[in-house]
Amino acid sequence: MSLMPFMKIMPDYIKSAQSLNILEKLKSQTPFEKSLRIDKKMCGNKCKCYFKPYIPAKPHKWDNKFFLLCGSSGYFYNFEVYTEKENNPSGRQDKEPHLGASSNIVVRLS
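In UniProt numbering, the protein residues as written are 1 to 110.
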């Protein structure tokens, strides 16, 4: 998956598109490990974003949620920000089945 759709969804929130281009280049040059897993990461910050989900069971109720494709060494190879747009048919990619927002992200990362 490319990071460019992330730039199209949120152009106002990206201050430096050059850093995403560097991540794209590094991602294409890095070989994957043998064992991979999908991990969920909550990242707290103080910015006001429309895609911060409310999770009442967590200590920090408003955090950004990332899905990461990680190797056994702990490095991540790809990521996607959970924006809840995948619930709408217009937010899904072409010919993508409706499995739910989180499941669609897992399918795209793997």
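Ideal Cβ placement from N, Cα and C applies to all residues, glycine included.
- Sequence-distant residues of the same chain with beta carbon closer than 7 Å to residue 22, five excluded per side: none
- Assign residue 5 to one of two classes, buried (16 or more other C-beta atoms within 10 Å of its C-beta) or exposed (fewer than that). Reliability of the predicted coordinates at residue 5 is poor, the pLDDT of 49 falling under 50, and the value obtained from them is presented with this limitation in mind. Burial call: exposed.
- Query: Are there 16 or more other CB atoms within 10 angstroms of the CB of residue 2, so buried, or fewer, so exposed?
  - Reply: Note that residue 2 scores a pLDDT of 47, beneath 50, so its modelled location is shaky; the value from the coordinates is reported in the next line. That one is exposed.
- Query: With burial defined as no fewer than 16 other Cβ atoms inside 10 Å of the residue's Cβ, what is the status of residue 32: buried or exposed?
  - Reply: exposed
- Message: Restricting to Cα atoms, I'd like to know which of 71, 69, 42, 98 is closest to residue 57.
- Response: 42
- Buried or exposed by the 16-neighbour rule on C-beta atoms within 10 Å, applied to residue 174: Outside the modelled stretch of the chain, which goes from 1 to 110, sits residue 174, for which no answer is possible.
- Task: Could you spell out the range, first to last residue, of the beta strand (DSSP E) harbouring residue 69?
- Result: 64-71
- Comparing alpha-carbon positions, which option in 28, 70, 102, 65 lies nearest residue 36? 70
- Query: Going by DSSP, what residues sit across from residue 37 in a beta bridge?
  - Reply: 70
- Continuous beta strand (DSSP E) stretch holding residue 77: start and end: 76-81
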